[in-house]
Amino acid sequence: MNMTKIHIFDTTLRDGEQVPGCKLNQDQKIVLAKQLESLGVDIIEAGFPISSPGDFESVRAIARTIKDSTVCGLSRAVEKDIEVAAEALKEAVRPRIHTGIGTSENHIKYKFKSTEDKILERIKQSISYAKKFVEDIEFYAEDAGRTRNEFLARACQVAIDAGATVLNIPDTTGYCLPQEYGEKIAYLAANLTGLEHVVISTHCHNDLGLATANSIFGVINGARQIECTINGIGERAGNTSLEECVMTLKQHPELGFETNIRTQLLHTTSQMVSHEMGMIIQPNKAIVGSNAFAHSSGIHQDGVIKERSTYEIIDPAEVGVDKSSIVLTARSGRAALAYRLKELGCEVTKLELDALYAKFLELADVKKEIGETELMFLAENKDSIYADYAK
Ligand code: KIV
Ligand code: ZN
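Going by our numbering, 404 is the number at position 277 of the sequence shown; the sequence numbering is gapless.
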C-alpha cells in the first residue's frame, strides 16, 4: 500500500508556550527545537516574533540553528507583524510565515467589529505582503471551527489566490465534533480551486477532549498537515497531542498515512518538554504518561505476563519506554507477585507463593503500592513467612 505523508507541524514553542507558567528562555527554546528536529518534526513553529523582544530573539536563534525542519513564525494579518516575523526568520534555511485572522461571525463581530468583506480584503493584503518576504506562507482562519463553511471557503480561496501555500483550519475553541470537523475539511477540499500545491492543515484545541480525534478526522478527509504540541500542552485544555496523532496513524496503517516522526524519541522528548516547562504529565496521559504501560489489576497482569499484546496495543520500545511495568497493589494477583519476585532473583514454589501472597495482601491493604522495599522484605523472609503460613 502506498502511504501518504502527513506533515507534523509542532507548535509547542508557540501555542504550547502560551500556557501560564510555561514560559521558556532562549536557551531552553533552542534545546527543545533541536530535540524536535531530531524527532523528525517537519515544521517547528518557533514563536510569535512581534510579541516580545525575547520571542523575536528566540525565533531568530532557532532559525539560525535548525537546518532540517522548516522554521515558522506567527504573525497577525498586520504589516508590522509580518515584517518582524520575516526579519526573525531571515537566516532560516526553510522559513515560513504563519499569518491570519479570525473568520467566525463571533470574531468578526466582537473582536474586529468588522465585516466579512473587510476581513477578506485583509487576508488578501496580508498574504500578498508576506509573499514579498518568503515563498512559504501559511494562512490561518482563526476560529474556523465555528466559521460557516461557505465563508471559510471564500476566505481560503482569497488566501490561495494571494499565494498561500498552506491553509490552517483551527478549531480554536475546541468546539467541533470529529465528523463535523472532518466534513469541514472535506468541504474545503471539494470546493477550493488551486489546491494542487497547497496543503490543508488541522489545528485543534482540546476543550472537549476531542483534539486528537478531530485531527485524525481532518486527515481522513483531506488534511495533510497536523498542528500539535508535545504532551498536548497549550491554551486552556491544550492543543492536539503530537504523540497521540503520530501513534494513532502508526497503529492504523490501514488508513494509509505515515509521518517522519522517529517514535523511539517520543518518551525522551515528552520528558524534556515537561522538565523545561515545569509542567507535569498526568500519569494516565496516552503514550507518554507514567501509567501508559503500567498494569496493576490481577487479570491484566496475568495476561500481559503471558503475552504483552493481550492488554497493550503498542510495544513500549516503539515510543522509547524500556518496558511495560507490573505495579503491585491489593488488586494484583499471584502471577504478578511471582513475576516481580523473579525479577529480584527470588524464585518460589507454588506453596511458597501462596504464603507470600497472603502476606503481600496484608501489606497491600494498608499501602497503596508495594514497592521494592516490601518485595525485598518478602523475598528475604520467604522461609519464615512460609513456616508461619504452613502451621
Ligand atoms: O488556535 C488558533 O486559532 C491559533 C492560531 C493563531 C493559529 O493558535
Ligand atoms: Zn491554537
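We put the CB at the ideal spot given by N, CA and C, even for glycine.
On a predicted model such as this, the values are computed, not experimentally measured, just so you know.
Query: Which of helix, strand or coil DSSP assigns to residue 278; Result: helix
Query: Residue 142 beta carbon near ligand 2 (any heavy atom closer than 6 Å); Result: yes
Query: Which listed residue (292, 232, 237, 236) has its alpha carbon closest to that of residue 277; Result: 232
Query: Segment contact flag, the segment 401 to 413 with the segment 425 to 434, C-beta cutoff 8 Å, min 3 pairs; Result: no
Query: Residues of its chain near residue 331, where Cβ-Cβ distance is below 6 Å and the 5 sequence neighbours each way are ignored; Result: 298, 338, 341, 342, 367
Query: Other residues of its chain near residue 132: CB distance less than 8 Å, five sequence neighbours each side excluded; Result: 351, 384, 385, 386, 387
Query: Residue 373, buried or exposed, once every other Cβ within 10 Å from all chains shown has been counted against 16; Result: buried
Query: Where residue 352 falls: helix, strand or coil (DSSP); Result: strand
Query: Other residues of its chain near residue 389: CB distance less than 8 Å, five sequence neighbours each side excluded; Result: 165, 166, 167
Query: Secondary structure of residue 372, DSSP reduced to three states; Result: helix
Query: Meets three-Cβ-pair contact criterion under 8 Å: the segment 206 to 226 and the segment 257 to 265; Result: yes
Query: 7 Å Cβ cutoff met for residue 135 and residue 160; Result: no
Query: First and last residue of the uninterrupted alpha helix (DSSP H) at residue 493; Result: 477 to 493
Query: Straight-line Cα distance separating residue 178 from residue 150; Result: 13 Å
Query: Assumed close pair residue 229, residue 269 - CB separation to whole angstroms, cut-off 8 Å; Result: 4 Å
Query: CB of residue 224 within 7 Å of CB of residue 188, strictly; Result: no
Query: Residue 232 beta carbon near ligand 1 (any heavy atom closer than 6 Å); Result: no
Query: Beta-carbon proximity check, residue 465 vs residue 480, cutoff 7 Å; Result: yes
Query: Burial state of residue 379, where buried means 16 or more other Cβ atoms lie within 10 Å; Result: exposed
Query: Per-residue burial, residue 527 [other beta carbons within 10 Å of its own, 16 or more giving buried]; Result: In the structure as shown, the chain begins at 128 and stops at 518. Residue 527 is therefore absent and cannot be evaluated.
Query: Whether residue 153 touches residue 184 by CB criterion (7 Å); Result: yes
Query: Nearest to residue 310 (by Cα), restricted to the options 441, 252, 273; Result: 273
Query: N-terminal and C-terminal residue of the beta strand (DSSP E) that residue 267 is part of; Result: 264 to 269
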